[in-house]
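Colleague:
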Amino acid sequence: MKQLLMLSLLGLAVLAGCKREGEPAAPATTTTTTAPATPATAADVPVAVELKDVSESTPDYIIGISYQVPAGQHPALAAELKKFADAARADLIEAAKSRSQPGGATSAPYDLSLSFTELMNTPSVVAVAADGSSYTGGAHGAPLIARFVWLPQQQRLLTARELVRDDKGWAAISGYVREQLHSALSQRVDADDLPAEERAEVVKNASRMIDDGTEPAPTDFALFEPMAAPDGKLGGLRFVFAPYQVGPYSDGTQTVEVPADVLLPFVAPEYRTLFSGG
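Counting in the numbering used here, the sequence shown runs from 8 upward without gaps.
1) Starting from Q194, trace the alpha helix (DSSP H) both ways and give me its first and last residue.
2) At the level of alpha carbons, what is the spacing between G254 and L121?
3) Over what stretch of residues does the alpha helix (DSSP H) that includes L241 continue unbroken?
4) Quick check: the Cα distance between S140 and P150, rounded to an integer number of angstroms?
5) Determine the closest residue to Q75 out of D67, E57, T65 and M234, with distance taken between C-alpha atoms.
6) Use the C-beta contact count for E63: other C-beta atoms within 10 angstroms, 16 or more gives buried, fewer gives exposed.
7) Quick check on L325: does DSSP put it in helix, strand or coil?
8) Just to confirm, are R172 and E232 a CB contact at a threshold of 9 Å?
9) Could you spell out the range, first to last residue, of the beta strand (DSSP E) harbouring R154?
10) For A32, which of helix, strand or coil comes out of DSSP?
11) I'd like the list of long-range same chain contacts for G239, defined as Cβ closer than 7 Å, with 5 residues on each side in sequence excluded.
12) Pull the bridge partners of I69 from the DSSP assignment, please.
13) Tell me the rounded alpha-carbon separation between A236 and Q261.
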């Protein structure tokens with residue numbers, strides 16, 4: 008197991024070293040690791056959007072989509088959720104078409120599993136998590152992860168780029184997050200009780216993945232969840248990193264909680280009142 012972990016991290020480190028400059032580390036074609044890019048407004052969407060669970064099964068693909076969120080309260084947000092799910096479904100069906108072509112896949116059917124859950128619902132902030140995976144061959148499915156932070160009073164999504172607008176702020180957030188991830192990495196490696204030379208190599212390669220996946224820019228911190236404070240405001244943000252962004256697939260989705268007192272000096276003025284102490 009120890010040798011397998013080391014080989015896995017070495018292989019992934021090579022892939023991470025080939026990533027583009029200034030863009031997220033995760034594979035753009037298979038993994039959704041950014042929040043919805045275009046904020047919606049009430050004028051852009053229908054008055055009401057029906058969020059119906061989806062269950063489809065054919066010889067080529069299986070699709071299951073679950074909406075564990077109320078749709079009627081925020082129709083513009085519901086439209087964003089449905090748009091994300093529809094795009095994931097369309098991508099899987101398009102990929103499945105190749106199965107029936109000469110030389111196409113002959114293994115198990117392709118599979119899409121996606122669930123939407125409500126994380127917070129207050130007069131100021133509503134948050135929804137989308138988590139799932141899309142399998143189109145290979146050893147395992149590609150993660151499907153998104154976070155939707157909705158501002159009901161403004162009828163639009165809040166993005167990382169709007170929340171923190173200067174390089175100094177992202178440098179501070181990046182530094183804090185990296186420190187937490189490196190600490191967690193050290194604890195995991197210590198638990199494996201590796202020989203000193205092997206441990207150093209594993210830490211070196213895994214640390215490179217952390218640094219590559221947390222560059223001081225909003226693109227690497229696009230996924231975030233609000234953390235509730237006792238006063239009903241936000242006590243901070245939980246940044247979410249999909250598999251491959253800051254570690255190997257076996258580490259799964261990783262998160263780092265950044266408290267409000269770290270964030271507030273860098274939050275855009277119009278959003279500071281959302282946070283406790285702002």
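All C-beta atoms in this analysis are idealised placements derived from N, C-alpha and C, irrespective of residue type, glycine included.
Modeller: In brief:
1) D174 to D199
2) Going from the Cα of G254 to the Cα of L121 covers about 22 Å.
3) That residue, L241, is in no alpha helix (DSSP H); its beta strand (DSSP E) goes L241 to F248.
4) 4 Å
5) E57
6) Counting Cβ neighbours within 10 Å, E63 comes out exposed, since fewer than 16 surround it.
7) In the structure as shown, the chain begins at 8 and stops at 285. Residue 325 is therefore absent and cannot be evaluated.
8) no
9) A149 to L158
10) Because the pLDDT at A32 is just 37, under 50, the model does not fix this residue reliably, and the value given afterwards should be weighed accordingly. Reduced to three states, the DSSP call for A32 is coil.
11) T129
12) S64 and D118
13) 22 Å
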